[in-house]
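Visitor: A single structure is presented below for examination.
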Amino acid sequence: MRSGLVAWAHRHAVAVGLTASVLLVLVLRVPFAGAMPYPDEGGLLIVAQNAFQGGPDLYGRHFVDRPQGLVLLYRLGVMLGGVDALRWIGIALVVGLVLIATRVGYLLSGRVGSAWTGLVTATLACNPLLGTRQVNAELIGAPLSLLSCLAAIEALRCQRSALRALLLVLAGASGAGALLIKQNLVDG
Numbered sequence: 001m002r003s004g005l006v007a008w009a010h011r012h013a014v015a016v017g018l019t020a021s022v023l024l025v026l027v028l029r030v031p032f033a034g035a036m037p038y039p040d041e042g043g044l045l046i047v048a049q050n051a052f053q054g055g056p057d058l059y060g061r062h063f064v065d066r067p068q069g070l071v072l073l074y075r076l077g078v079m080l081g082g083v084d085a086l087r088w089i090g091i092a093l094v095v096g097l098v099l100i101a102t103r104v105g106y107l108l109s110g111r112v113g114s115a116w117t118g119l120v121t122a123t124l125a126c127n128p129l130l131g132t133r134q135v136n137a138e139l140i141g142a143p144l145s146l147l148s149c150l151a152a153i154e155a156l157r158c159q160r161s162a163l164r165a166l167l168l169v170l171a172g173a174s175g176a177g178a179l180l181i182k183q184n185l186v187d188g
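Using this note's numbering, the letters of the sequence shown correspond one by one to residues 1 to 188.
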């Protein structure tokens with residue numbers, strides 16, 4: 001027989017896991033929100049700042065071989081205040097990634113699976129040894145790629161054909177959106 005706390009945690013595994021995962025993201029990423037920009041971040045912020053002012057290349061006077069979705073998100077960071085705003089956008093994207101992963105975990109293996117999926121996702125998305133203190137294309141595109149997978153899974157489980165069609169459109173759109181961020185994110 002399980003103790004009261006263990007039984008409570010098992011009944012509320014999704015909420016406990018999700019709360020722990022989001023707190024982990026905040027604890028591991030917020031202290032670095034105001035850090036100096038990494039070289040790729042600084043370069044892309046410069047490109048995004050000058051991207052739509054005309055010039056000989058795709059992004060004005062600067063050449064960079066990055067997709068338009070990535071430069072547009074960096075442009076949003078520029079408009080909201082620069083590298084600090086970009087880092088907060090990154091934190092929001094990691095929280096979104098954890099939420100999506102938790103739902104995928106729930107659909108594939110139930111309550112306990114969702115808790116572990118959220119925690120593992122949060123841990124990997126915040127591991128500084130993987131270069132995750134910066135806001136890069138992989139971080140920005142991962143939620144879109146995983147959202148595509150989630151929408152496809154939900155569509156397979158859906159009984160209503162109109163909703164299934166919408167979920168499949170969402171799967172395709174978010175998968176294409178991931179490609180507009182990073183060219184090799186074709187997972188969705």
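Virtual Cβ for every residue (Gly too), placed ideally from N, Cα, C.
#1: Please look up how many angstroms separate the CB atoms of aspartate 40 and asparagine 184, rounded, as I've assumed it's under 8 angstroms.
#2: Report yes or no: do the stretch 148-167 and the stretch 49-56 share at least 3 C-beta pairs separated by less than 8 angstroms?
#3: Could you tell me how far apart the beta carbons of glycine 90 and leucine 139 are, in whole angstroms, since I believe they sit closer than 8 angstroms?
#4: Indicate the three-state DSSP secondary structure (helix, strand or coil) for glycine 188 in the structure shown.
#5: I believe leucine 119 touches alanine 20 by the beta-carbon criterion, under 8 angstroms. Please report the beta-carbon distance rounded to the nearest angstrom.
#6: What is the DSSP secondary structure of methionine 1, counted as helix, strand or coil?
#7: Check whether the Cβ atoms of isoleucine 181 and glycine 141 lie closer than 7 angstroms to each other.
#8: Suppose only complete runs of 4+ residues qualify. What are the alpha helix (DSSP H) ranges in the stretch 103-173, listed by chain order?
#9: How would you write the range of the alpha helix (DSSP H) that methionine 79 sits in, first residue to last?
#10: For glycine 90, which of helix, strand or coil comes out of DSSP?
#11: Would you kindly work out how many angstroms separate the C-alpha atoms of serine 3 and leucine 18, rounded to a whole number?
Guide: Quick look at the numbers:
#1: Here residue 40 refers to the residue found at position 40 of the sequence shown. Here residue 184 refers to the residue found at position 184 of the sequence shown. Aspartate 40 to asparagine 184, Cβ: 16 angstroms. No contact.
#2: Fewer than three pairs of CB atoms, one per stretch, sit closer than 8 angstroms, so the stretch 148-167 makes no contact with the stretch 49-56.
#3: Stepping through the sequence shown from its first residue, residue 90 is reached at position 90. Stepping through the sequence shown from its first residue, residue 139 is reached at position 139. About 6 angstroms; that satisfies the 8 angstroms criterion.
#4: Here residue 188 corresponds to residue number 188 of the sequence shown, with the count starting at 1. Three-state DSSP puts glycine 188 in coil, outside helix and strand.
#5: Your numbering for residue 119 matches position 119 in the sequence shown. Your numbering for residue 20 matches position 20 in the sequence shown. Contact flag correct, Cβ pair sits at about 6 angstroms.
#6: Translated into the one-based positions of the sequence shown, residue 1 becomes position 1. Because the pLDDT of methionine 1 is 48, which lies under 50, any placement of that residue in the model is unreliable, and the number read from its coordinates should be weighed accordingly. DSSP places methionine 1 in coil when its eight states are reduced to three.
#7: Here residue 181 is taken as the residue at index 181 of the sequence shown, counted from 1. Here residue 141 is taken as the residue at index 141 of the sequence shown, counted from 1. It is a contact, given that the beta carbons lie within the stated cut-off.
#8: 137-157
#9: By one-based count along the sequence shown, residue 79 stands at place 79. Looking at the DSSP string, the run of the alpha helix (DSSP H) that includes methionine 79 is 68-80.
#10: The sequence position of residue 90 within the sequence shown is 90, counting from 1. Reduced to three states, the DSSP call for glycine 90 is helix.
#11: Counting from 1 along the sequence shown, the entry for residue 3 is found at position 3. Counting from 1 along the sequence shown, the entry for residue 18 is found at position 18. For serine 3 and leucine 18, the distance between alpha carbons rounds to 22 angstroms.
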